[in-house]
């Protein structure tokens with residue numbers, strides 16, 4: 001068959017074949033974005049107001065306007081390793097939590113597509129996840145110990161707004177030493193009212209030991225995870241966990 | 247109207263046809279005949295020879311354009327790093343002094359994947375569509391897109407290597423771009439993910455410029471290597487759905503490059519520099535069906551041909567304003 005074709009026809013055929021290959025290659029490469037989704041390797045903590053994960057990935061236009069408005073620079077954009085989640089915002093609470101320094105969920109207001117749903121306008125309405133006491137045995141309060149010094153060391157870059165120091169501007173946590181008789185950092189720095197409490201561990205009034213108990217009001221912002229002075233934090237946010245679920 | 251449909255057909259990958267006899271206006275036919283007389287042929291050869299003797303290349307439009315790409319992208323970068331609220335966001339979606347802007351193709355992907363429409367997105371999309379309709383559609387590609395700029399440098403290297411016979415250009419079928427356009431639209435709708443954004447070099451590059459380097463830049467580098475060593479301007483010519491979206495917008499745009507048959511000596515300089523030379527088919531001998539023709543929808547209004555044309559036969563024009571501008 002092929003020998004009946006003229007040279008021009010052969011070149012043309014070759015070009016079309018190459019185009020099909022190149023096109024299929026391009027589509028194939030883009031579909032590799034499925035892999036991290038299926039593997040669900042990266043269970044990311046999303047900014048306040050994020051829709052359910054699948055809708056969130058679909059509706060996010062990957063522009064980073066939420067990154068730009070965050071006063072504590074908590075929001076990062078995911079890289080190619082997140083597949084279809086490339087350019088989608090996430091937080092790493094341990095490095096920099098959302099502490100609602102902006103007061104008015106600025107990231108939600110900045111979102112052009114409603115991937116961060118415009119239905120919420122107060123920090124109390126946010127639901128990013130729930131804090132969990134993941135390493136209770138290491139918890140200083142549970143051991144009845146105090147805490148003196150810098151919560152995360154002198155090199156820690158994370159910032160937090162201390163209302164009593166500066167109502168408007170977050171400062172470095174490394175610039176704010178503590179001297180606590182009993183460590184209550186997770187409760188002390190929690191930006192949500194009644195989201196976490198310290199409860200006694202026994203009926204004995206001389207027993208100093210207290211345990212942090214997460215309440216229903218917890219929004220999963222990760223402030224407790226960031227401020228926990230124990231290396232490998234005792235308390236961590238479980239992404240998208242709902243109150244009352246296992 | 248016929249020419250308009252033909253320009254869309256060519257943008258979608260169709261090969262330009264040699265025009266039929268009845269397509270030519272009387273004036274154009276007469277001018278073509280006149281240019282074919284032995285006397286005129288001689289004059290033409292002499293004129294071209296003279297052109298190449300005192301050849302001083304103009305780069306006016308290219309320099310303006312490079313300035314535009316750099317300034318626009320710099321505005322994004324500066325807005326973020328110095329917290330001046332000028333253009334917040336990235337090229338996929340942004341706020342220009344508070345006003346919503348959204349890239350048409352990114353919006354399309356989001357709407358198809360999410361299957362809901364948000365009012366801010368509509369505002370941003372309509373604004374952007376209007377802006378780019380006004381200034382020429384694919385002018386987005388050549389006047390704003392950061393990938394276009396780096397691809398131009400890759401193209402220079404490619405042409406330099408090609409001149410040394412170290413590489414050669416491999417053409418692909420331009421029908422690949424509309425095919426990819428449809429495939430990515432269907433994929434967004436069916437999977438519910440913005441699949442194209444995973445490999446969009448425009449989004450990747452824009453975000454990397456603003457928010458810092460990313461691993462995804464490897465893909466941009468791979469594309470540039472393909473363009474240097476294998477196929478000239480591969481992504482912009484044969485693949486990018488964003489270019490096609492803006493091509494549709496620009497098909498009815500008032501800003502266009504206009505071809506003037508009377509001034510043309512058919513040297514072919516314009517087609518050599520053009521990223522989409524199929525839009526310049528009428529500059530070949532005996533092809534222009536009218537004395538003046540506006541270049542078709544796929545034209546990026548980059549002005550390379552305007553710079554390259556030795557006789558000023560190609561110029562930027564505002565359609566519908568007569569001789570006003």
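Chains as they are written, first to last, in this note's numbering: chain A, 1 to 246; chain B, 247 to 571. All C-beta atoms, glycine included, are put in the ideal place defined by N, C-alpha and C.
Coil, strand or helix - residue i by DSSP
| i | result |
| --- | --- |
| residue 485/B | helix |
| residue 44/A | coil |
| residue 21/A | helix |
| residue 571/B | Residue placement at residue 571/B is poorly supported in this model, since its pLDDT is 45, which falls under 50; the coordinates still yield a value, given next. In the structure shown, residue 571/B sits in coil (DSSP, three-state: anything other than H, G, I, E or B). |
| residue 175/A | helix |
| residue 250/B | helix |
| residue 141/A | coil |
| residue 452/B | helix |
| residue 347/B | strand |
| residue 271/B | coil |
| residue 57/A | helix |
| residue 84/A | helix |
| residue 194/A | coil |
| residue 243/A | coil |
| residue 328/B | coil |
| residue 475/B | helix |
| residue 419/B | coil |
| residue 551/B | helix |
| residue 5/A | coil |
Beta carbon of residue i nearer than 8 Å to that of residue j
| i | j | result |
| --- | --- | --- |
| residue 533/B | residue 501/B | no |
| residue 349/B | residue 339/B | yes |
| residue 266/A | residue 49/A | Summary: the structure shown does not reach residue 266/A, with chain A confined to residues 1 through 246, and so no result is reported for it. |
| residue 336/B | residue 26/A | no |
| residue 559/B | residue 510/B | yes |
| residue 81/A | residue 461/B | yes |
| residue 47/A | residue 170/A | no |
| residue 192/A | residue 219/A | yes |
| residue 481/B | residue 427/B | no |
| residue 389/B | residue 311/B | yes |
| residue 469/B | residue 447/B | yes |
| residue 135/A | residue 234/A | yes |
| residue 174/A | residue 140/A | no |
| residue 274/B | residue 536/B | yes |
| residue 451/B | residue 466/B | yes |
| residue 142/A | residue 211/A | yes |
Exposure of residue i, with buried meaning 16 or more beta-carbon neighbours within 10 Å
| i | result |
| --- | --- |
| residue 203/A | exposed |
| residue 571/B | With a pLDDT of 45 at residue 571/B, under the threshold of 50, the modelled position of this residue cannot be trusted, and the question is left open. |
| residue 76/A | buried |
| residue 344/B | exposed |
| residue 414/B | exposed |
| residue 11/A | exposed |
| residue 67/A | buried |
| residue 569/B | Bear in mind that the predicted position of residue 569/B carries a pLDDT of just 48, short of 50, making it unreliable; the figure below should be weighed with that in mind. Burial call: exposed. |
| residue 133/A | buried |
| residue 86/A | buried |
| residue 406/B | exposed |
| residue 382/B | buried |
| residue 213/A | exposed |
| residue 355/B | buried |
| residue 436/B | exposed |
For residue i: DSSP bridge partner residues
| i | result |
| --- | --- |
| residue 199/A | 211/A |
| residue 261/A | The structure shown does not extend to residue 261/A, since chain A spans only 1 to 246, so no value can be given for it. |
| residue 506/B | 538/B |
| residue 89/A | 77/A |
| residue 303/B | DSSP, once it has assigned bridges, lists no residue as partnering residue 303/B. |
| residue 440/B | For residue 440/B, which the question treats as bridged, DSSP gives no partner whatsoever. |
| residue 339/B | 336/B and 348/B |
| residue 160/A | 171/A |
| residue 149/A | 178/A |
| residue 50/A | 116/A |
| residue 563/B | 502/B |
Beta-carbon separation (whole angstroms), residue i vs residue j, contact threshold 8 Å
| i | j | result |
| --- | --- | --- |
| residue 473/B | residue 404/B | 6 Å |
| residue 160/A | residue 189/A | 6 Å |
| residue 146/A | residue 199/A | With 8 Å as the limit, residue 146/A and residue 199/A do not qualify as a contact, their Cβ atoms being about 18 Å apart. |
| residue 179/A | residue 148/A | 5 Å |
| residue 438/B | residue 78/A | Actually they do not touch by this definition, with Cβ atoms about 18 Å apart. |
| residue 217/A | residue 124/A | 7 Å |
| residue 562/B | residue 519/B | Residue 562/B to residue 519/B, Cβ: 16 Å. No contact. |
| residue 353/B | residue 367/B | 6 Å |
| residue 493/B | residue 256/B | In fact, because the Cβ distance is near 10 Å, the residues do not count as touching under 8 Å. |
| residue 419/B | residue 259/B | 6 Å |
| residue 553/B | residue 306/B | 6 Å |
Distance cut-off 7 Å: residue i Cβ against heavy atoms of the ligand COA
| i | result |
| --- | --- |
| residue 234/A | In the structure shown, the ligand COA is absent, as is every other ligand, since no ligand is present at all. |
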